[in-house]
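Residue numbers (UniProt numbering): 1 to 99. Working notes, beginning with the structure itself.
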């Protein structure tokens with residue numbers, strides 16, 4: 001099923017903390033809009049691009065990328081974008097796309 005971007009924006013637009021895939025820590029999402037999901041930690045701020053997250057979900061759904069969060073990170077770097085792959089895994093796990 002394709003990524004429902006309207007649902008992503010509704011879920012994250014007000015900001016939220018989500019668990020990391022390893023557990024015990026959280027990722028701070030500061031908002032979401034048409035451009036992407038905005039994240040930050042104490043050292044940096046960034047945006048997970050909508051086009052990258054959408055493409056990753058397409059690849060996972062077509063079984064060209066793993067649903068396992070640990071394997072997904074390297075595949076995301078190679079097949080989608082070499083930026084914030086671990087953060088993308090956290091978000092997609094929170095959305096129920098990854099295991």
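Backbone N, C-alpha and C define an ideal beta-carbon position, used for all residues, glycine too.
Residue 40: first and last residue of the uninterrupted beta strand (DSSP E) it sits in
36–40
*When DSSP builds the beta bridges, which residues end up paired with residue 82?*
DSSP output for residue 82 lists no bridge partner at all.
| Presumed contact (8 Å Cβ cut-off) between residue 53 and residue 88, rounded CB distance | 6 Å
For residue 86, which residues from the same chain have a beta carbon less than 7 Å from its beta carbon, with the 5 sequence-adjacent residues on both sides left out?
The beta carbon of residue 86 lies closer than 7 Å to those of 73 in the same chain, with the five residues before and after it left out.
Of the listed residues 6, 22, 21, 38, nearest to residue 29 (C-alpha basis): That would be 38, whose Cα lies nearest to the Cα of residue 29.
If I'm right that residue 98 touches residue 67 with Cβ under 8 Å, what's the distance once you round it to whole angstroms? 5 Å
Practice task
Inspect the beta-carbon positions of residue 34 and residue 57 and report whether they are closer than 9 Å.
Solution key: Taking 9 Å as the Cβ cut-off, residue 34 and residue 57 do not qualify as a contacting pair.
Exercise for the section: Starting from residue 59, follow the alpha helix (DSSP H) in both directions and report where the run begins and ends. Expected result: Looking at the DSSP string, the run of the alpha helix (DSSP H) that includes residue 59 is 50–61.
Count the other CB atoms, across all protein chains shown, that sit within 10 Å of the CB of residue 22; report buried if there are 16 or more and exposed otherwise.
exposed
- Closer than 6 Å by C-beta to residue 13: which residues in its own chain qualify, once you throw out the five before and the five after it? Chain order, please. 31, 32
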